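Some notes on the structure that comes next.
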Amino acid sequence: MSTVDDTAAHGAGLAAAGLERRGLRLGDTLFRGVAVAAAAASTFLLGWIAFKVLDLAWPSIEHFGLSFVWTEAWDPVTEQFGALTFVYGTALTSLIALVIAVPVSIGIALFLTEIAPRRLAAPIATLVELLAAIPSVVLGLWGILVFGPWVAQHLEPFLQDHFGFLPIFSGSPSQAGILPAALVLTIMIVPITSAICRELFLRVPRDLTDGALALGSTRWEAIRGVTLTYAAPGIAAAVLLGLGRAFGEAIAVTQVIGGGNSINVSWFATGDTLASRIASQYQGATSQLQAGSILYLAAILMAISLVTNVAAQLIVRRFEKARRAA
Amino acid sequence: MKKALVAALGVAALVAIALVGGRAAAAPAAKTDTAITGTGSSFVFPLVSKWIPEVAKAYGINLTYSPTGSGAGIAGVTARTVDFGASDAPLSADQLAACKGCVVIPWALSATSIPYNVPGLSGRLRLDGPTLASIYLGKITSWNAPAIKKLNPRLDLPSLKITPVFRSDSSGTTYNFTEYLSSVSGEFKSKVGNNTSVNFPTGVGARGSSGVAGVVSKTEGALTYVDVAYSLTNHFTFAAVKNRAGGYALPGLRGIKQAVSKLPKKVTALSQLKIVDPPKGAGKQAYPISTFTYVIAPTNTKSAGDVRKLVYWAVTQGQKFGPPLFFEPLPVTVQAFAYREIKKIQGV
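Shown next as structure tokens:
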């Protein structure tokens, strides 16, 4: 910068305008270079990580083949490994968490934007977002010591008493299992999705809701017909973002899911997720095949995350198209 | 800023020179302060913590140790991110090959306790190997099962579900516990087996000693396995376990000492250091779930010389810090084996 200024001050023979243009051009080229390099680096990094994961997983891929994905087995002693228990655990815990978290998040966001007085809304919004700042390992500890026992002593007996005819609520209550893990995940998702929903609702044009109210619709009708419809693609994206978080969470889940090796119908039983299994056993793998199998799990997790992300984009695009058509 | 730095360095140099004194006046000051880092077994952590100030005094070695678990210890030393690793389980063949030129040396001796949470018992619970194996195989599911009643005629055992709790992460304690169960129960050996992580057919898994301890303290009817120092510092009640001599032994110093009393006169291989389920002649107080814990040292790194000093000190002088922490000093035969292995740490 200063050299350019200096030369401009001293070099009387040079046309100031030309230099300026050249300076601009330099900035342009520089900016372009940095941007291209950043984009290329991130693409390269993703490709390199994917390659490395597959490379390290190769002993297991070679040994078990694709059937690894739908085999239910995890025995480090006999070296029998399969991913089904963990794929099932990941899908189930995330699904339960989403089904609970989405209505709750939308409710929180609507309360903050439509119902709560402004003085109350700001501190509550901050508090909800602070939930996201709790380190997951702390949340997991709380899960072991406080939340898990509460689930085992109160929530699960209640569910069994009233809905015991459903096989998912059979078996004996346990403080570590699919249900406590799903509920801890719910707590982790809510701050993210509710914060995004709140932003979305704030951006709904006032005229639209006012118009709906002027046409005689009630508050709920205006919310349903205008706010939610307008924000729908954003909500879908928020949900998938939450799903991504649920898929990837390892530590808190490891602490409360009970590290089970088989699939159970009951939600009270122990299970495990892909991320949690990777976190708990990678460092202590006793054989190359076990280490490879854990990396194989990582590859599956990456594939699932990729598919969810692409699905998210497709859904958002679809919604936008539908909205434009309407 | 710079002046202060120079002054501080000057003071440090003066102190160093004063400390080294006449003995090694020619040695440069920097030599007296080397840093060594280690990671792994949380089992051995209380003992290593006692060693840290002592090796600093003896050799000027600045030792840092993080209790990340045996699995992480093996991973850390294999990747050479630390100068040594510590593990409660000896390395598997694959792990030893991956570590490229590592030696595994026994450097402490302790036991795995069996804490339980059964409210309202009037005395200490007694268990034996086959019963423990049946509990972890899911064949005994209630505290008032005949097999447990038979061992505890005086206790009023409740009709409460047993929740066996295990380590879901890879753990040396799991290795020790399953080593014991595999040697007392053929069925356990064939169905589950012996490793740092196994496929238990029943029970609840939790991460780390603190994780299993958390589950046990909050679940009535739970039972688990953790190292004895952890049990004692957290005031858990743990079971007395029947040995081959027919006695009910506790994981105290006397119990561990008797458990190693029948080791061969000359130890030449790690595989001879298996001390679970000791023979009848070991004594009535021999605790059957005792274990050595190991340091894993690379033989070919720059810090090898200091690691060799540290390990040598640990298996000799360091042993006397063990008893208050429920580590029994190494028997002489094992010390002799350790010396021979230490010699292999040559450095570059």
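Residue numbers (numbering that gives the first Met the number 0), protein chains in the order written: chain A, 0 to 325; chain B, 0 to 347.
Just so it is clear, CB atoms sit at the ideal spot from N, CA and C, and this is done for glycine as well.
If you're wondering where the values come from, they're calculated on a predicted model, not measured in any experiment.
Those residues which DSSP pairs with residue i across a bridge
i, result
"A:ASP74", "A:GLN79"
"B:GLY204", "B:PHE165"
"B:ASP226", "B:THR111"
"B:ALA221", "B:ASN116, B:THR162"
"B:PRO297", "B:CYS101"
"B:ARG125", "B:ALA239"
"B:GLY37", "B:TYR64, B:PHE83"
"B:TYR286", "BP columns for B:TYR286 are empty, so no partner."
"B:TYR247", "B:LYS241"
"B:THR292", "B:ALA107"
Buried or exposed (CB count within 10 angstroms, at least 16 for buried), residue i
i, result
"B:ASN175", "buried"
"B:SER121", "exposed"
"A:ARG244", "buried"
"A:ILE114", "exposed"
"A:SER279", "buried"
"B:GLN318", "buried"
"A:PRO134", "exposed"
"A:ARG31", "exposed"
"A:TRP73", "buried"
"B:THR162", "buried"
"B:LYS279", "exposed"
"A:THR92", "buried"
"B:VAL331", "exposed"
"B:PHE325", "buried"
"B:LYS352", "Since the first and last residues shown for chain B are 0 and 347, residue 352 of chain B lies out of range."
"A:ILE98", "One point to set straight first is that residue 98 of chain A is Val, not Ile, in the sequence displayed. A:VAL98 comes out exposed."
"A:ASP209", "exposed"
"A:GLN174", "buried"
"A:ARG327", "As displayed, chain A neither begins before 0 nor continues past 325, which places residue 327 of chain A out of reach and without an answer."
Rounded C-alpha distance that separates residue i from residue j
i, j, result
"B:THR267", "A:VAL264", "51 angstroms"
"A:PHE63", "B:HIS234", "46 angstroms"
"A:GLN289", "A:PRO148", "33 angstroms"
"A:LEU25", "A:VAL35", "15 angstroms"
"B:LYS30", "B:GLY321", "Note on B:LYS30: pLDDT 46, under 50, position unreliable in the model; the coordinate value appears next. C-alpha separation (whole angstroms): 29 angstroms."
"B:THR130", "B:VAL164", "15 angstroms"
"A:LEU154", "A:PRO166", "16 angstroms"
"B:SER270", "B:ILE288", "16 angstroms"
"A:GLY259", "B:ASP168", "11 angstroms"
"B:PHE248", "A:PRO122", "It is Ala, not Phe, that sits at residue 248 of chain B in the sequence shown. Taking the straight line from one Cα to the other gives about 59 angstroms."
"B:TYR64", "A:ILE60", "36 angstroms"
"B:SER69", "A:GLY224", "58 angstroms"
"A:ALA231", "A:PHE318", "7 angstroms"
"B:TYR224", "A:PHE43", "46 angstroms"
"B:LYS149", "B:TYR286", "20 angstroms"
"B:LYS273", "B:ASN242", "15 angstroms"
"B:ALA71", "A:SER275", "16 angstroms"
"B:LEU252", "B:ALA228", "11 angstroms"
"B:LEU108", "B:SER48", "16 angstroms"
"B:ASP127", "B:LYS56", "45 angstroms"
"A:PHE146", "B:THR292", "35 angstroms"
"B:ALA212", "A:THR253", "15 angstroms"
"B:SER302", "B:GLY171", "26 angstroms"
"A:GLN159", "B:ALA146", "31 angstroms"
Same chain, Cβ closer than 7 angstroms to residue i, five either side skipped, listed in chain order
i, result
"B:SER355", "Given a span of 0 to 347 for chain B in the structure shown, any question on residue 355 of chain B remains unanswerable."
"B:GLY137", "PRO200, THR201"
"A:GLU71", "GLY81, LEU83, THR84, SER261, ILE262"
"B:PRO118", "GLU219"
"A:SER104", "VAL189, THR192, SER193, CYS196"
"A:THR285", "PRO75"
Sequence-distant residues of its chain with Cβ nearer than 6 angstroms to residue i (five each side left out)
i, result
"B:CYS101", "ILE295, PRO297"
"A:THR125", "none"
"A:THR185", "ALA96, ILE99, ALA100"
"B:VAL259", "ILE274, PRO330"
Cross-chain neighbours of residue i in chain C, by beta carbon under 8 angstroms
i, result
"A:ALA175", "Among the chains of the structure shown, chain C does not appear; the protein chains present are A and B."
Own chain, CB closer than 8 angstroms to residue i, minus 5 neighbours either side, in chain order
i, result
"A:ALA297", "VAL52, ALA56, LEU273, ILE277"
"A:ASN236", "Reading off the sequence, residue 236 of chain A comes out as Ala, not Asn. Excluding positions up to five away in sequence, the list reads ILE195, ALA311, ILE314, VAL315."
message: List, from N- to C-terminal side, the beta strand (DSSP E) runs of 3 residues or more that fit wholly inside the stretch 47–120 of chain A.
response: Fully enclosed beta strand (DSSP E) runs of 3 or longer: not present.
message: Give the list of continuous alpha helix (DSSP H) stretches no shorter than 4 residues that lie fully inside the stretch 45–111 of chain B.
response: Whole alpha helix (DSSP H) segments, 4+ residues: 69–77, 92–98.
field: Whole alpha helix (DSSP H) elements within the stretch 129–180 of chain B, 4-residue minimum
entry: As far as the stretch 129–180 of chain B is concerned, its whole alpha helix (DSSP H) runs of at least 4 residues are 145–150.
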